[in-house]
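>
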Amino acid sequence: MRGFDIVTGILAAAVLTAYTKGYLLYTAGRGEECVFYTLLTAIGLLILVRRLISRRYLHMSMRKVDRLNGRAFEKYLRAQFRHLGYRVTLTDLSHDYGADLILRRHGEKIVVQAKRYEKNVGIAAVQEAVGSVAYYDADRAMVVTNSGFTKSARNLARQNEVELWGRYDIQKKFRIRE
221 MRGFDIVTGI LAAAVLTAYT KGYLLYTAGR GEECVFYTLL TAIGLLILVR
271 RLISRRYLHM SMRKVDRLNG RAFEKYLRAQ FRHLGYRVTL TDLSHDYGAD
321 LILRRHGEKI VVQAKRYEKN VGIAAVQEAV GSVAYYDADR AMVVTNSGFT
371 KSARNLARQN EVELWGRYDI QKKFRIRE
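For reference, each letter of the sequence shown is one residue, going 221 to 398 in the numbering used here.
1) Assuming M282 is part of the alpha helix (DSSP H), what are its boundary residues?
2) Give me, in chain order, the residues of the same chain whose beta-carbon lies closer than 8 Å to that of D291; leave out the 5 immediate sequence neighbours on both sides.
3) If we ignore side chains and look at the alpha-carbon of each, how far apart do F293 and K284 end up?
4) Sort E338, R374 and L268 by Cα distance to E229 and report the nearest one.
5) For Y337 and Y317, what's the separation of their Cα atoms in angstroms?
6) Assuming contact is defined by CB atoms lying nearer than 8 Å, are T309 and V341 in contact in what I supplied?
7) Taking a contact to mean a Cβ-Cβ separation below 8 Å, would you say A233 touches Y257 in this structure?
8) Just verifying my parser: in three-state terms, what is the DSSP assignment at T247?
9) So, at 7 Å on beta carbons, what are the nonlocal neighbours of R350 in its own chain, with the 5 sequence-adjacent residues on each side left out?
10) Suppose the cutoff is 8 Å on Cβ atoms and the five residues either side in sequence are ignored; what does the same chain contact list for Y296 look like?
11) Could you have a look at T309 and say whether DSSP puts it in helix, strand or coil?
12) For E328, is the classification buried or exposed, using 16 other Cβ atoms within 10 angstroms of its Cβ as the cut-off for buried?
13) To the nearest angstrom, how far is it from the Cα of R298 to the Cα of L245?
14) Could you give the distance in angstroms between the alpha-carbon of S367 and the alpha-carbon of I396?
15) What are the residues that DSSP puts in a beta bridge with L329?
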């Protein structure tokens, strides 16, 4: 079976078990005891849904990535970077100060400017990433896109030590197909 995940299966079984136990306690007139199992079921369902959504992003082709909106692209990157072992935080939609994601791993903090574009990304994205380093007290910055970069964006990134990941890079690093 493609994409079967034993952890997801065990989690689904645990949620079903907690729900069944809670229901049986409720029908037996032991409502106080069923509250625990109801909460356990709700928490388990939230974790299960989050896990299933992340898995959907992990197996997405580049064609599907190209059809995502901006926020969905950020969530896609969150799932991919988590899969690579980073702790990932999405910034607020408004007032993000130039960073869409904040990555943490091995004591390093990286700000990421995400651009889901049809054309090449220009210098504005690099400028936003550079500005976000100081605001978020980050160690470095990245700009990640499903497209490419203009020559001026590459030059500015080189001067400011901003790492650029274009279409080829995310296909290679996230191991995704066209």
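Even glycine gets a Cβ: it sits at the ideal position worked out from N, Cα and C. Bear in mind that the values here come from a model prediction, so they are computed numbers and not experimental data.
If we stick to the structure as given:
1) Counting from 1 along the sequence shown, the entry for residue 282 is found at position 62. Start and end: M282 to D286.
2) For the purposes of this step, residue 291 is taken as the residue at position 71 of the sequence shown. The sequence shown places Arg at residue 291, rather than the Asp named in the question. Correct list, in chain order: L313.
3) What you label residue 293 is simply residue 73 of the sequence shown in a count that begins at 1. What you label residue 284 is simply residue 64 of the sequence shown in a count that begins at 1. Distance between the alpha carbons of F293 and K284: 10 Å.
4) Translated into the one-based positions of the sequence shown, residue 229 becomes position 9. A quick correction: the sequence has Gly, not Glu, at residue 229. The residue with the shortest Cα to Cα distance from G229 is L268.
5) Against the sequence shown, residue 337 aligns to sequence position 117. Against the sequence shown, residue 317 aligns to sequence position 97. Their Cα atoms are separated by approximately 20 Å.
6) Taking the sequence shown and counting its residues from 1, one reaches residue 309 at position 89. Taking the sequence shown and counting its residues from 1, one reaches residue 341 at position 121. It is not a contact, given that the beta carbons lie outside the stated cut-off.
7) To locate residue 233, count along the sequence shown from 1; it is residue 13. To locate residue 257, count along the sequence shown from 1; it is residue 37. Against a cut-off of 8 Å, the Cβ pair of Y257 and A233 comes out as no contact.
8) Numbered from 1 along the sequence shown, position 27 holds the residue referred to as residue 247. In this structure, T247 counts as helix in the three-state DSSP scheme.
9) For this step, residue 350 is matched to residue 130 along the sequence shown. It is worth fixing the name first, because residue 350 is Val in this sequence and not Arg. The answer, listed in chain order, is A361, N380 and V382.
10) Looking up residue 296 in the sequence shown gives position 76. Correct list, in chain order: Y277, M280, V285 and L288.
11) Taking the first residue of the sequence shown as position 1, residue 309 is located at position 89. Note: T309 maps to strand in three-state DSSP.
12) Numbered from 1 along the sequence shown, position 108 holds the residue referred to as residue 328. The residue is exposed, with fewer than 16 neighbouring Cβ atoms inside 10 Å.
13) Residue mapping note: residue 298 aligns to position 78 of the sequence shown, counting from 1. Residue mapping note: residue 245 aligns to position 25 of the sequence shown, counting from 1. Computed Cα separation, rounded: 39 Å.
14) As a first step, residue 367 is located in the sequence shown; it is residue number 147 there, counting from the start. As a first step, residue 396 is located in the sequence shown; it is residue number 176 there, counting from the start. Answer to the nearest angstrom: the Cα atoms are 14 Å apart.
15) Residue numbering aside, residue 329 sits at position 109 when the sequence shown is read from its first letter. According to the sequence as given, residue 329 is Lys; it is not Leu. Answer by DSSP bridge pairing, in chain order: R324.
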